[in-house]
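Engineer: Please see the structure below; I have some questions.
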Amino acid sequence: MFIKRISGWPSTNWESPFEEVERMRRQLALLGERVKNGRSNEQFSGVYPLCNITEDPNNYYLRAELPGLKPEDLTISVTGDSFSISGERKIKVEGADVKYHRKEREAGKFSRIINLPGQIDVEKVEARSVQGVLTVNLPKSGSTKPRQIAIKCA
Amino acid sequence: METTGGLDIQAKKKTEYHTPAEQTRPGLVFTPAVDIYETDKEITLLADMPGVKAEDINIDLKDNTLTIMGQVESPKKKEEVDIFMEYRIGNYFRKFTLSEMIDQGKIEAGIKDGVLKLVLPKIEKAAPRKITVTID
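These protein sequences, in sequence, are chains A and B.
Its first residue numbered 21, the first sequence is counted upward by one per residue in our numbering.
Its first residue numbered 257, the second sequence is counted upward by one per residue in our numbering.
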């Protein structure tokens with residue numbers, strides 16, 4: 021006890037003075053992982069456009085924020101279990117007589133394919149764009165829908 | 257003229273706005289990406305604010321500080337469950353300091369397909385008035 025106090029090591033183990041540092045490093049790594057994964061389990065593919073997918077018992081809903089894109093700038097297609105979107109975001113470039121202070125909005129082409137978590141009914145897919153947010157309604161096909169099974173008594 | 261340079265667009269995470277003051281409304285706040293350009297007559301601001309309805313935009317210009325706010329409601333229905341999330345939803349907020357005098361009465365604002373367009377006309381400089389001194 022006395023030795024520990026004069027040496028100043030916070031660790032109880034005199035043999036390995038870096039044990040405390042190692043323990044802290046482990047805890048920080050764990051904390052970092054928790055912050056990264058735990059918070060709204062956000063994923064990032066880095067492919068434009070970023071998409072969110074939700075579901076209810078009958079449908080999958082795919083949403084993407086595409087500000088400034090008109091329906092004619094977009095091409096959407098679906099197969100049984102994948103969704104693909106491509107298009108081009110155009111931004112009007114002003115003439116030489118204007119002075120730009122900020123230019124943060126980006127233009128360019130994009131194309132993306134997303135695998136859906138289950139089979140969908142291709143015929144009934146609907147898409148609409150409201151306030152720059154695209155919502156695609158993807159009805160689940162019969163086999164993907166949850167089916168409640170009644171338990172029979174013997 | 258519309259150009260994109262034929263380049264592929266890069267996906268970007270939304271930038272979270274960290275308010276210096278405590279927020280009165282719950283939820284996340286993001287800074288919208290903007291383009292600002294100026295001509296002799298006016299300053300134009302374009303901001304990407306997807307999901308914001310015209311009635312949920314708040315624009316304020318006071319003491320040369322321009323504030324734009326946009327409230328976003330989650331498009332999700334009650335029974336929807338998240339399965340794959342790449343972007344987060346929240347309100348938009350951004351503040352600018354303007355160096356030019358703006359004619360407050362002539363500001364025009366409009367939102368289309370999630371892009372806010374704000375036209376801020378500059379106050380016309382008073383034409384120098386010649387004063388002739390008459391001698392009695």
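Virtual Cβ for every residue (Gly too), placed ideally from N, Cα, C.
Taking a cut of 7 Å between CB atoms, which residues from the stretch 150 to 162 of chain A lie near chain B?
Structural biologist: Under the 7 Å Cβ criterion, the stretch 150 to 162 of chain A contributes 151, 152, 153, 155.
Engineer: Quick one, are the C-beta atoms of residue 264(B) and residue 128(A) less than 8 Å apart?
Structural biologist: For residue 264(B) and residue 128(A), yes; Cβs fall inside 8 Å.
Engineer: Chain A beta carbons: is any one of them nearer than 8 Å to that of residue 289(B)?
Structural biologist: Chain A, which has a Cβ nearer than 8 Å to the Cβ of residue 289(B), makes this yes.
Engineer: Report the rounded CA-to-CA distance for residue 298(B) versus residue 316(B), giving the unit in angstroms.
Structural biologist: For residue 298(B) and residue 316(B), the distance between alpha carbons rounds to 17 Å.
Engineer: I need the DSSP call for residue 303(B), collapsed to helix, strand or coil.
Structural biologist: Three-state DSSP puts residue 303(B) in a strand.
Engineer: Restricting to Cα atoms, I'd like to know which of 295(B), 301(B), 305(B), 293(B) is closest to residue 286(B).
Structural biologist: For residue 286(B), the nearest C-alpha among the options comes from 305(B).
Engineer: Counting only C-beta atoms, is residue 19(A) closer than 8 Å to chain B at any point?
Structural biologist: This structure gives no information on residue 19(A), because the portion of chain A shown stretches from 21 to 174.
Engineer: Tell me which residues of the stretch 352 to 383 of chain B have at least one Cβ-Cβ distance to chain A shorter than 7 Å, keeping chain order.
Structural biologist: Those would be 369, 370, 371, in chain order.
Engineer: Have a look at 324(B), 377(B), 386(B) and flag the residue whose alpha-carbon is nearest the alpha-carbon of residue 367(B).
Structural biologist: Minimum Cα distance to residue 367(B) is reached at 324(B).
Engineer: Specify the secondary structure class of residue 49(A) as computed by DSSP and reduced to three states.
Structural biologist: Three-state DSSP puts residue 49(A) in a helix.
Engineer: Throw me the rounded Cβ distance for the residue 307(B) and residue 288(B) pair, which I believe falls under 8 Å.
Structural biologist: 11 Å between Cβ atoms; not a contact.
Engineer: Between the C-alpha atoms of residue 145(A) and residue 139(A), what's the straight-line distance to the nearest angstrom?
Structural biologist: For residue 145(A) and residue 139(A), the distance between alpha carbons rounds to 12 Å.
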